[in-house]
Amino acid sequence: MAMLEAAALSKHFRARRGLFGGRGVVRAVDGVSFAIEGGRTLGVVGESGCGKTTTAKLVLGLEEPTEGGIRFEGCDLNALDAAGRRNYRKSVQAVFQDPYASLNPRMRVGAIIAEPLVTNEALTAKETRRAVLRLLDLVALPARSADLFPHEFSGGQRQRIAIARALALSPKLVVLDEPVSALDVSIRAQILNLLRDLQRELGLSYLFIAHDLAAVAHMSHTIAVMYLGKIVESGEAESLVRVPKHPYTQALFSAALPSSPEERRDEIVLAGEVPSPLRPPSGCRFHPRCPSAMERCKDEAPVLEEIEGRLVACHLYNCVALPGAPERQT
Amino acid sequence: MSTRALLELQNLSTHYVSAKGRRVVRAVEDVSLRVAAGETLGIVGESGSGKSTLALSILRLLPPAARIPSGRMLFEGEDLLQKSDAEMRRVRGKRIAMILQDPMASLNPLFTIGDQVAEPIRVHEGATRASAWARARDLLKAVRIPSPQARLSQHPHEMSGGMRQRIVGAIGISCEPRLLIADEPTTSLDLTIQAQYLNLLRELQRAHGLALIFITHNLGIVAKMCDQLAVMYAGRVVEQGPVRQIFKAPAHPYTRALLSSIPRMSDGRQRLTAIDGQPPDLSALPPGCAFAPRCPSAFDACRAAEPPEIAGVANSRVRCWLAAPDAGRGKAGNGAL
Numbered sequence: 001m002a003m004l005e006a007a008a009l010s011k012h013f014r015a016r017r018g019l020f021g022g023r024g025v026v027r028a029v030d031g032v033s034f035a036i037e038g039g040r041t042l043g044v045v046g047e048s049g050c051g052k053t054t055t056a057k058l059v060l061g062l063e064e065p066t067e068g069g070i071r072f073e074g075c076d077l078n079a080l081d082a083a084g085r086r087n088y089r090k091s092v093q094a095v096f097q098d099p100y101a102s103l104n105p106r107m108r109v110g111a112i113i114a115e116p117l118v119t120n121e122a123l124t125a126k127e128t129r130r131a132v133l134r135l136l137d138l139v140a141l142p143a144r145s146a147d148l149f150p151h152e153f154s155g156g157q158r159q160r161i162a163i164a165r166a167l168a169l170s171p172k173l174v175v176l177d178e179p180v181s182a183l184d185v186s187i188r189a190q191i192l193n194l195l196r197d198l199q200r201e202l203g204l205s206y207l208f209i210a211h212d213l214a215a216v217a218h219m220s221h222t223i224a225v226m227y228l229g230k231i232v233e234s235g236e237a238e239s240l241v242r243v244p245k246h247p248y249t250q251a252l253f254s255a256a257l258p259s260s261p262e263e264r265r266d267e268i269v270l271a272g273e274v275p276s277p278l279r280p281p282s283g284c285r286f287h288p289r290c291p292s293a294m295e296r297c298k299d300e301a302p303v304l305e306e307i308e309g310r311l312v313a314c315h316l317y318n319c320v321a322l323p324g325a326p327e328r329q330t
Numbered sequence: 331m332s333t334r335a336l337l338e339l340q341n342l343s344t345h346y347v348s349a350k351g352r353r354v355v356r357a358v359e360d361v362s363l364r365v366a367a368g369e370t371l372g373i374v375g376e377s378g379s380g381k382s383t384l385a386l387s388i389l390r391l392l393p394p395a396a397r398i399p400s401g402r403m404l405f406e407g408e409d410l411l412q413k414s415d416a417e418m419r420r421v422r423g424k425r426i427a428m429i430l431q432d433p434m435a436s437l438n439p440l441f442t443i444g445d446q447v448a449e450p451i452r453v454h455e456g457a458t459r460a461s462a463w464a465r466a467r468d469l470l471k472a473v474r475i476p477s478p479q480a481r482l483s484q485h486p487h488e489m490s491g492g493m494r495q496r497i498v499g500a501i502g503i504s505c506e507p508r509l510l511i512a513d514e515p516t517t518s519l520d521l522t523i524q525a526q527y528l529n530l531l532r533e534l535q536r537a538h539g540l541a542l543i544f545i546t547h548n549l550g551i552v553a554k555m556c557d558q559l560a561v562m563y564a565g566r567v568v569e570q571g572p573v574r575q576i577f578k579a580p581a582h583p584y585t586r587a588l589l590s591s592i593p594r595m596s597d598g599r600q601r602l603t604a605i606d607g608q609p610p611d612l613s614a615l616p617p618g619c620a621f622a623p624r625c626p627s628a629f630d631a632c633r634a635a636e637p638p639e640i641a642g643v644a645n646s647r648v649r650c651w652l653a654a655p656d657a658g659r660g661k662a663g664n665g666a667l
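Going line by line, the protein sequences match chains X and S. Each residue of the first sequence is one higher than the one before, counting from 1 in the working numbering. Each residue of the second sequence is one higher than the one before, counting from 331 in the working numbering.
Here is the structure:
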């Protein structure tokens, strides 16, 4: 059984449309299902507005789902009482993008890391201090860091502090929302390696969100690709990266920058931009930009179906009339 | 080096000096570079490596605290450092244009797109409003803005991020410059939009024979777009040469480490080779090579004296004692005296 399971999870926001206020609904996340196994990483990719950050907030319990629900270790979150929810929040922690914004500049690092312990556990000052030192050691920062302020650290070190704070309550799942994109290129590998080491040592699960496809491919066991609030494809990371099946995944991965000047690929350049989530297109939400769109894509929304061990939501693959669905190597 | 350089920097330094002159930050130090017409040069470096200061130096748009104590900047044979402010104003936007990272910050929210795209044409060429707007419409068409005529009278907030960035591109090429400097032009864009934009820039470059300078921290953009590459570290160009050459056989340990620290789509979940330590503080650089404290191959000479630029294969140059013919002895030893 998966550690965390989301079933038909939706989050809709009400939005005012225009000055005179007809109301609209933004379906930021619309019927999304996924599972995160213990000790594994689920990577979520997609462009801005696809709903990946809202998904993270739902998992963190920072937003209430409009529909659907999350089961954590078999328990439905909607059915939990206050104590159960508190427990859940301790098991699921987060590391955010910008370590310059996520650390209070007026608190010493020791106090920052100890804060979750102070609010959640009844520890003596001595025990807290010992826990802080253990956490600093875990993220490879010297013990004297505890007495310094965040401004005395570089971006990479600050992100280590944020990771130490996230680990203070021994969580089972850590949500990583763009954890390296604000860091210098030469520092990113340090942090990605640290996250991998911590996962191995502590048996952590990760929900890893990033727009850098190579970093997601590097970190994840499974990958889910989102477009306008829906998962269009998900499956085992390595094969998904090697042979993407959904036309959007194919285009997204073909648009990724090459890792060397020798690398040449058939770039699928998509026309237009991501439509507004206030007025998502009918049928398949990708159809106006899809190079392989058919008549039926305009009216009928495809559902995720298993195709060769992968979940894909595309009519190209469940249409018997079509002679063989296209596969494109990238 | 057969082609004549469009822009040639010779031993250029840019320093930031504090009010009382006590603190000096050597943001750019002894940089020599050249760009030929129609060529694309990538300048990569981390934050604080001096790459943006270098770009602003070329346009002479530096803040008041900056000084250029030495060097020459030859553009089409003329030294930009000798020009008066009035002369520089005729260069900027006309012969050298720049695209900045954040399109929302480089567009004025109060003016229409048409006014802003037409402005350089009116300023530099003295065109009438009507003819400048007609040119602006063609420019919007050239950067693939749908229904350009209608867009001319709209304001920046009515467009998406990708469209705004293309409009900034249109302003950049409006007076048909010889050189376009793009400072992280795609960091605020989504992947598929980034691909569209980079392809567009390449088409514009081919159509107008533009030289491009890409300033970025992203080696993927360099791999995709550039012919030549200069790698900056702590204000210096530590390695420069043809992109393919550097990707194939990086000569400087920093370049080598940078290239191997980037996750690749193809190598699955292999461990990355991380670079230890932090980027240096420019106001407190170590003696010798600035990369030495993080360098896996550093030896005594590196901590004693700064390495000079040493010529390598295929017009490449590298600032590293390892590349010196008598690495570790002789010259390096003299530097220590």
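Don't be surprised by glycine CBs; every beta carbon is placed ideally from N, CA and C. All values derive from a computational prediction rather than experimental measurement.
(request) Quick one: measure Cβ to Cβ for Ala553 of chain S and Pro258 of chain X, integer angstroms, because I've assumed they're closer than 8 angstroms. (result) 5 angstroms
(message) For a quick check, are the C-beta atoms of Ala8 of chain X and Gly68 of chain X less than 8 angstroms apart?
(response) yes
(request) Would you kindly report the start and end of the unbroken alpha helix (DSSP H) that includes Asp468 of chain S? (result) 459 to 472
(message) Quick check for students: name the residue ranges of the beta strand (DSSP E) that lie wholly in the segment 233 to 321 of chain X, counting only runs of 3 or more.
(response) 305 to 307, 310 to 312
(request) Please compile the residues from chain X whose C-beta is within a distance smaller than 8 angstroms of the C-beta of Thr383 of chain S. (result) Those do not exist, as Thr383 of chain S stays about 16 angstroms from chain X at its closest Cβ, beyond 8 angstroms.
(request) Less than 8 angstroms between the CB atoms is what I'm expecting for Glu636 of chain S and Gly618 of chain S, so what's the real figure, rounded? (result) 6 angstroms
(request) Flag Asp81 of chain X as yes if its beta-carbon sits less than 8 angstroms from any beta-carbon of chain S, otherwise no. (result) no
(message) Cβ closer than 7 angstroms: which chain S residues qualify as neighbours of Ser48 of chain X?
(response) Asp520
(request) Tell me where the beta strand (DSSP E) around Thr124 of chain X begins and ends. (result) From DSSP, Thr124 of chain X is part of no beta strand (DSSP E); its letter is neither H nor E.
(request) Could you tell me the distance, in whole angstroms, from the CA atom of Arg647 of chain S to the CA atom of Phe577 of chain S? (result) 14 angstroms
(request) Could you name the residues of chain X that Gly401 of chain S contacts, counting a contact when the two beta carbons are closer than 9 angstroms? (result) Chain X residues near Gly401 of chain S: none, gap ~27 angstroms exceeds 9 angstroms.
(request) Please report how far the alpha carbon of Arg586 of chain S lies from the alpha carbon of Gly491 of chain S, in whole angstroms. (result) 34 angstroms
(request) Report the residues of the segment 186 to 197 of chain X with a CB closer than 8 angstroms to any CB of chain S, ordered along the chain. (result) Ser186, Ile187, Arg188, Ala189, Gln190, Leu192, Asn193, Arg196
(request) Taking only beta carbons into account, state which residues of the segment 367 to 393 of chain S come closer than 7 angstroms to chain X, listed in chain order. (result) Glu376, Ser377
(message) Please identify, using Cβ separations under 9 angstroms, the residues of the segment 582 to 600 of chain S that lie next to chain X, in order along the chain.
(response) Tyr584, Ala587, Leu588, Leu589, Ser590, Ser591, Ile592, Pro593, Arg594, Met595, Ser596, Asp597, Gly598, Arg599, Gln600
(message) For a contact defined as C-beta to C-beta under 8 angstroms, what are the partners of His287 of chain X on chain S?
(response) Correct list: empty, because the minimum Cβ distance to chain S is about 15 angstroms.
(message) Per DSSP, what are the beta-bridge partners of Ile511 of chain S in this structure?
(response) S:Met428, S:Ile543
(request) Can you say whether Leu391 of chain S is buried or exposed, counting buried as having 16 or more other CB atoms within 10 angstroms of its CB? (result) exposed
(message) For a contact defined as C-beta to C-beta under 7 angstroms, what are the partners of Gly550 of chain S on chain X?
(response) Leu257, Pro258, Ser259
(request) Label Gln600 of chain S either buried or exposed according to how many other C-beta atoms from any shown protein chain fall within 10 Å of its C-beta, with 16 as the threshold for buried. (result) exposed
(request) Determine whether the Cβ of Val561 of chain S lies closer than 8 angstroms to any Cβ atom of chain X. (result) no
(request) Using the DSSP secondary-structure output, state which residues sit across from Cys75 of chain X in a beta bridge. (result) X:Phe72
(message) Quick check: the segment 212 to 230 of chain X against the segment 622 to 635 of chain S, are at least 3 beta-carbon pairs closer than 8 angstroms?
(response) no
(message) I'd like to know whether the C-beta atoms of Val469 of chain S and Ile503 of chain S end up nearer to each other than 8 angstroms.
(response) Checking the sequence shown, residue 469 of chain S turns out to be Leu, not Val. Yes, the Cβ-Cβ distance between Leu469 of chain S and Ile503 of chain S is below 8 angstroms.
(request) Go ahead and pull the three-state DSSP assignment for Asn438 of chain S. (result) coil
(request) Since I believe Leu337 of chain S is in contact with Leu615 of chain S (beta carbons under 8 angstroms), could you give me their beta-carbon distance rounded to a whole number of angstroms? (result) At roughly 27 angstroms, the Cβ-Cβ gap does not stay under 8 angstroms, so Leu615 of chain S and Leu337 of chain S are not in contact.
(request) Determine the closest residue to Gly49 of chain X out of X:Arg158, X:Ser260, X:Ile231, X:Asp299, with distance taken between C-alpha atoms. (result) X:Ile231
(message) For the segment 462 to 489 of chain S, list every residue whose C-beta sits within 8 angstroms of some C-beta in chain X, in sequence order.
(response) none
(message) Applying the 10 Å Cβ sphere with the 16-neighbour rule, what's the burial state of Gly380 of chain S?
(response) buried
(request) Anything in chain S within Cβ reach of Leu136 of chain X, meaning under 9 angstroms, just list it in chain order. (result) Chain S residues near Leu136 of chain X: none, gap ~17 angstroms exceeds 9 angstroms.
(message) I need the straight-line Cα distance from Thr546 of chain S to Leu559 of chain S, nearest angstrom please.
(response) 11 angstroms
(request) Can you say whether Pro105 of chain X is buried or exposed, counting buried as having 16 or more other CB atoms within 10 angstroms of its CB? (result) exposed
(request) Sort S:Pro609, S:Pro515, S:Pro610 by Cα distance to Ser436 of chain S and report the nearest one. (result) S:Pro515
(request) Note down, in chain order, each residue of its chain lying with its Cβ closer than 7 angstroms to the Cβ of Glu376 of chain S, except the 5 sequence neighbours on either side. (result) His547, Pro609
(message) For the alpha helix (DSSP H) containing Phe159 of chain X, name the first residue and the last one.
(response) According to the sequence provided, residue 159 of chain X is Gln. The question's Phe does not apply to it. Segment 155 to 167, the alpha helix (DSSP H) holding Gln159 of chain X.
(request) Quick one: residues in its chain with C-beta nearer than 6 angstroms to the C-beta of Gln35 of chain X, no 5 flanking neighbours on either side, listed in chain order? (result) According to the sequence displayed, residue 35 of chain X carries Ala and not Gln. For Ala35 of chain X, where only same-chain residues beyond five positions count, the Cβ hits under 6 angstroms are Ala2, Glu5.
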